[in-house]
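> Read top to bottom, the protein sequences are chains A and B. The first sequence finishes on residue 87 if you use the numbering used here, and the numbering steps up by one all the way, no holes. The second sequence finishes on residue 87 if you use the numbering used here, and the numbering steps up by one all the way, no holes.
Number of protein chains: 2
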Amino acid sequence: MNTVFKALNDPIRREILTLLKKGDMTAGEIADHFQIGKPTLSHHLDLLRQADLVSSRKDGQFVVYSLSTTVLDEILQWMYQLSQQKQ
Amino acid sequence: MNTVFKALNDPIRREILTLLKKGDMTAGEIADHFQIGKPTLSHHLDLLRQADLVSSRKDGQFVVYSLSTTVLDEILQWMYQLSQQKQ
DNA sequence: TTTATATTTCGACAAATATCGAAATATTTT
DNA sequence: AAAATATTTCGATATTTGTCGAAATATAAA
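(1) If you draw a straight line from the C-alpha of Glu29 (chain B) to the C-alpha of His43 (chain A), how long is it?
(2) Can you pull the chain A residues whose beta carbon is under 7 Å from the beta carbon of Ser83 (chain B), in chain order?
(3) Buried or exposed, going by whether 16 or more other CB atoms sit within 10 Å of the CB of Ile75 (chain B)?
(4) Beta strand (DSSP E) containing Phe62 (chain B): first to last residue?
(5) Throw me the rounded Cβ distance for the Ala51 (chain A) and Thr18 (chain A) pair, which I believe falls under 8 Å.
(6) Measure the beta-carbon distance from Tyr65 (chain A) to Leu45 (chain A) and round it to whole angstroms, keeping in mind my assumption that it falls under 8 Å.
(7) Are Leu72 (chain A) and Met79 (chain B) touching if we call contact CB-CB under 7 Å?
(8) Could you pull out every residue in the same chain whose Cβ sits closer than 7 Å to the Cβ of Val63 (chain B), ignoring the five residues on either side in sequence?
(9) Listing by chain order, which chain A residues have their CB less than 7 Å from the CB of Leu8 (chain B)?
(10) Looking at the unbroken alpha helix (DSSP H) that takes in Asp52 (chain A), where does it start and where does it end?
(11) At which residues does the alpha helix (DSSP H) containing Lys73 (chain B) begin and terminate?
(12) Please report how far the alpha carbon of Pro109 (chain B) lies from the alpha carbon of Gln85 (chain B), in whole angstroms.
(13) Apply the 10 Å Cβ neighbour rule to Ile36 (chain A) and answer buried if 16 or more other Cβ atoms are within range, or exposed otherwise.
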C-alpha cells in the first residue's frame, strides 16, 4: 500500500497512468510526452512498476509498458470503505 | 489532487483517517494512538486539513477532528476511470 | 491571577525524493 | 564488426519531508 501511494504521489506518474489507459506505449513514446530527461522518466516508470501499477515487456530494442489495474482496485476498495458514511 | 495524494502518502496519516472513520477525536486522542511527538502529529493533521481530508473545530481547549469524505470521493472517481477496462 | 492542560508554531536536522549528465547495456541496422 | 538507437544504471545535487525539543498561544481550573 505504501509503494502504491508513493507511486501515485507525483503528477508525472499519474499522467503516465492516464496515457497508458489509452494503450500500451514504449518508454520513449512516454518520454516524448514530458519535458524531463530519459533517466528521470525511467526512474518514474521503475517506481510505477515497483507498485505494480504498470507492467513492462521487452519487444526488440523497445520496452513496452502497460497499465495494471489490479492494485488500483485494491486502493479503490480501501478508499471506498473510508468514504462510506457511518450510520 | 496533488495535495490529496501527498497527504495520503504516509502510513500515519492514512491510519488517522481510519481512526476518524470510527468517530471524531481530539488532537490529543489521536496522538495517543501513535509513538510520535505532538508537534509531529500536529503537522500530519495540518497536511490532512490542507488536503480537505479532515476538518477541525475548536471545543474549549480541545480541537476536534472529523473525517471529510468529499475529496475522497473525487479521488475514487479518478481511480475508477483509470481502472475501468478499455474495450 | 497563577497554574495546569491542549495544541500549534518555530528552528533545526536527518532521511527520502526528483532531477540531471555521463556511462553502461541491449538490440538493430549498415 | 561498427555505428545507431532505445533504455537503464550510476553518481551527484538540490529540494522536500518527517521528526524532534523548545517556545508560543489558548483555554480551563485552582
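Virtual Cβ for every residue (Gly too), placed ideally from N, Cα, C. Bear in mind the structure is a predicted one, so any value in this text is a computation, not a measurement.
Put simply:
(1) Approximately 40 Å, taken between the alpha carbons.
(2) Going along chain A in sequence order, the residues near Ser83 (chain B) (Cβ under 7 Å) are Thr69, Leu72, Asp73 and Leu76.
(3) It counts as buried.
(4) Phe62 to Leu67
(5) The distance from the Cβ of Ala51 (chain A) to that of Thr18 (chain A) is about 16 Å, inconsistent with a contact at the 8 Å cut-off.
(6) 6 Å
(7) A Cβ-Cβ contact shorter than 7 Å links Leu72 (chain A) with Met79 (chain B).
(8) Thr26, Ala27 and Ser56
(9) Phe5
(10) Taken as a continuous stretch (DSSP letters only), Asp52 (chain A) belongs to no alpha helix (DSSP H), as it is neither H nor E.
(11) The displayed chain sequence assigns Asp, not Lys, to residue 73 (chain B). Segment Thr70 to Ser83, the alpha helix (DSSP H) holding Asp73 (chain B).
(12) Shown here, chain B extends from 1 to 87; a query on residue 109 (chain B) therefore has no answer.
(13) Burial state of Ile36 (chain A) is exposed, judged by a 10 Å Cβ sphere holding fewer than 16 other Cβ atoms.
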